[in-house]
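For reference, the structure is listed below as C-alpha cells.
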Amino acid sequence: KTIATLGDLTGKKVLVRSDFNVPLKEGVITDDGRIRAALPTLNALLDAGAAVIVTAHLGRPKPVDGFTFEEKFSLAPAAARLGELLGKDVKLAADLTGPSAQETVAALQPGEVAMLENVRFDPRETSKVDAEREAQAAELAALADAFVSDGFGVVHRKQASVYDVAKLLPAAAGTLVFKEVDSLSRATTDPERPYVVVLGGSKVSDKLGVISNLIEKADRLLIGGGMMFTFLKAQGHEVGTSLLEADQIETVQGYLARAAERGVEIVLPVDVVVADAFDAPAPAGVVAADAIPADKIGLDIGPASGELFAAKLADAKTIAWNGPMGVFERPEYAAGTRAVAEGIIAATSNGGFSIVGGGDSAAAVRILGLDEDGFSHISTGGGASLELLEGKVLPGIDVLSDEN
Ligand code: 3PG
Numbered sequence: 002k003t004i005a006t007l008g009d010l011t012g013k014k015v016l017v018r019s020d021f022n023v024p025l026k027e028g029v030i031t032d033d034g035r036i037r038a039a040l041p042t043l044n045a046l047l048d049a050g051a052a053v054i055v056t057a058h059l060g061r062p063k064p065v066d067g068f069t070f071e072e073k074f075s076l077a078p079a080a081a082r083l084g085e086l087l088g089k090d091v092k093l094a095a096d097l098t099g100p101s102a103q104e105t106v107a108a109l110q111p112g113e114v115a116m117l118e119n120v121r122f123d124p125r126e127t128s129k130v131d132a133e134r135e136a137q138a139a140e141l142a143a144l145a146d147a148f149v150s151d152g153f154g155v156v157h158r159k160q161a162s163v164y165d166v167a168k169l170l171p172a173a174a175g176t177l178v179f180k181e182v183d184s185l186s187r188a189t190t191d192p193e194r195p196y197v198v199v200l201g202g203s204k205v206s207d208k209l210g211v212i213s214n215l216i217e218k219a220d221r222l223l224i225g226g227g228m229m230f231t232f233l234k235a236q237g238h239e240v241g242t243s244l245l246e247a248d249q250i251e252t253v254q255g256y257l258a259r260a261a262e263r264g265v266e267i268v269l270p271v272d273v274v275v276a277d278a279f280d281a282p283a284p285a286g287v288v289a290a291d292a293i294p295a296d297k298i299g300l301d302i303g304p305a306s307g308e309l310f311a312a313k314l315a316d317a318k319t320i321a322w323n324g325p326m327g328v329f330e331r332p333e334y335a336a337g338t339r340a341v342a343e344g345i346i347a348a349t350s351n352g353g354f355s356i357v358g359g360g361d362s363a364a365a366v367r368i369l370g371l372d373e374d375g376f377s378h379i380s381t382g383g384g385a386s387l388e389l390l391e392g393k394v395l396p397g398i399d400v401l402s403d404e405n
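With the sequence shown counted from 1, adding 1 to any position gets you full-length UniProt numbering.
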C-alpha cells in the first residue's frame with residue numbers, strides 16, 4: 002500500500018519507522034546514507050501537511066541494570082543529522098512511549114518532526130512473545146493516526162515497530178521500501194542474464210541461505226572476503242591463520258557439488274594479500290590462493306583475483322553484490338573491494354543492472370570514494386536485501402500488502 006492509500010494527511014500525526022542504524026565512531030556518524038535515504042518519504046509526509054514521528058533503532062542494546070541502556074545507543078546523533086538534512090529542528094523524546102514521548106507528540110504541529118528514543122531500549126520491541134510486542138505496538142499506535150514503514154533495512158524483522166504496529170493503524174510502505182523492493186526484484190524475478198552475484202564479508206554462516214538459493218538462480222558466483230577461506234579449504238587448500246568456519250566446510254562442499262551439477266560457475270580468488278597477523282602494521286605480500294603459508298592470514302583478494310573478478314563481471318546483465326572482498330577499512334587491503342566495485346561500475350555502464358546490498362558494501366562504495374551513480378541501486382538493507390535475494394517473504398513487507 003502506498004502513502005496515497007492513507008488519504009488526506011493534513012493535520013494528521015504519522016508514525017514513520019525508519020532505519021537509522023548508522024555506523025558511529027566516538028559518537029560521530031561515519032556514513033549517513035540511511036538517513037539521507039529516508040528524506041523523500043519524510044518530506045512527502047511533511048508536504049502533505051502531516052506531523053511526523055520517527056521511530057528507529059540503533060544497534061542491539063541490552064539493558065545494563067534492568068532498564069537503563071548505554072548512552073552510545075542513543076539516537077541523538079541521528080536526530081541531529083536528520084535535523085541538518087531536513088533543515089528543521091528534530092526534537093528527540095527521551096523515551097519511546099513514556100511521558101517524554103507523549104509530551105513531545107502532543108506539542109507536535111503539522112510540518113514538524115519528532116523522533117522517539119531507540120525503539121530497542123524497550124525489550125518488548127524484539128520479543129519473541131507476540132503479546133509483548135503487541136503491547137508495545139499498541140503504545141506506539143496510540144501516538145499517531147497512521148503508520149508508514151520506510152525502514153527497509155529492518156523489514157525482515159518481525160518486531161513491534163516494524164510488524165505489529167502496522168496491524169493497528171492505517172499503514173503504508175514509504176517510497177524507500179518501494180524503491181528497494183522494485184530494484185531487488187529485478188534480481189529475484191526473471192533476471193536478465195548473465196546474472197552474476199558477488200559475495201564477500203566475513204561469515205559464510207550468515208550467508209548460507211542466500212548461497213544455496215543463488216546456486217539455483219545465478220549463472221556465476223564470485224566469492225571473496227573472509228568467506229573465501231572456507232571455500233578454499235572446502236577445495237582442499239590450506240588457509241594459514243585466515244578466518245575459517247570449520248563447521249561449514251561440508252556444507253560448502255555440498256554447494257560446490259550442486260553448483261557443478263547445475264553448471265553454475267563458482268569463481269574463487271587465485272591470489273590473496275596476506276599479513277603476519279590481523280593487526281600487523283603492513284601486509285607481508287601476495288601469495289597464490291592455493292599456497293597460503295601456515296603462519297599467514299589472508300586479508301584481501303590479490304590483484305590477479307581483482308582482474309579475474311572484473312573479467313567475470315564484464316558481460317553481466319544483472320549483478321548483485323553483497324560484502325566487501327577484504328578489510329577495506331584499511332587502505333592496504335582495499336584494492337580487492339575497489340577492483341570488484343570498478344568491475345561492477347564498468348558492467349553497469351555496459352547496460353548491466355547492478356545492486357549493491359549490505360551495509361558494508363554500500364559503506365565501502367562511499368568510503369572508497371567511488372561514484373555512487375555508477376551503480377543502478379545501492380540498497381540501504383543488509384540482512385533485508387539478502388533475504389529478499391534469497392526469495393523469502395519479509396514480515397514487514399507482507400504486513401503492508403493489500404490483503405492485510
Ligand atoms: C541493519 O543494520 O541491517 C538493520 O538496521 C537491521 O539491524 P539488525 O540486524 O540489528 O536487526
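Glycine residues also receive a C-beta, built at the ideal position from the N, C-alpha and C atoms.
If you run the structure through DSSP and keep just helix, strand and coil, what is residue i?
i	result
Leu25	strand
Leu185	helix
Tyr196	strand
Ser350	helix
Ala39	helix
Phe148	strand
Asn214	helix
Glu266	strand
Met116	strand
Arg158	coil
Ile293	coil
Glu315	Contrary to the premise, residue 315 reads as Ala rather than Glu in this sequence. Three-state DSSP puts Ala315 in coil, outside helix and strand.
Gly34	helix
Val166	helix
Ser206	helix
Is the distance from the Cβ of residue i to the Cβ of residue j below 8 angstroms?
i	j	result
Leu109	Lys14	yes
residue 1	Leu16	For the chain, the structure presents residues 2 to 405; residue 1 sits outside this window and is missing.
residue 1	Ser75	Nothing about residue 1 can be read from this structure; the chain reaches only from 2 to 405.
Thr56	Ser162	yes
Val366	Ile379	yes
Ile250	Leu222	no
Leu245	Phe230	yes
Arg35	Asp48	no
Ile302	Val240	no
Phe329	Leu369	yes
Between the options, which lies nearest to residue i when the distance is taken from Cα to Cα?
i	options	result
Lys26	Gly60, Ser203, Met326	Gly60
Gly84	His58, Ser75, Leu97, Glu113	Glu113
Gly382	Ala315, Phe148, Gly360, Val287	Gly360
Glu71	Val366, Pro171, Asp123, Ala335	Asp123
Val288	Val163, Phe279, Ile298	Ile298
Gln137	Arg125, Gly303, Val130	Arg125
Glu181	Ala38, Tyr334, Ile368, Ile4	Ala38
Asp374	Ala347, Asp131, Ala385	Ala347
Phe279	Asn214, Asp296, Leu169, Arg263	Asp296
Asn323	Val205, Phe179, Leu387	Leu387
Report whether the distance from the Cβ of residue i to the nearest heavy atom of ligand 1 is below 7 angstroms.
i	result
Gly202	no
Asp291	no
Asp361	no
Asp20	yes
Gly384	yes
Val155	yes
Arg125	no
Arg263	no
Val194	Note that residue 194 corresponds to Arg in the displayed sequence, not to Val. False, no ligand heavy atom lies under 7 angstroms from that Cβ.
Arg134	no
Arg339	no
Arg82	no
Arg37	no
Arg367	no
Arg158	yes
Indicate whether at least one CB of chain C lies closer than 8 angstroms to the CB of residue i.
i	result
Ile346	Chain labels in this structure do not include chain C; a single protein chain is all it has.
> Touching or not, the segment 179-195 and the segment 318-330, by the rule of three or more beta carbon pairs under 8 angstroms?
Replying inline: yes
>> Could you check whether the segment 211-228 touches the segment 386-393, counting it as contact only if at least three pairs of C-beta atoms, one from each stretch, sit closer than 8 angstroms?
In response: yes
> Quick one: any contact between the segment 143-159 and the segment 340-356, if contact means 3 or more CB pairs under 8 angstroms?
Replying inline: no
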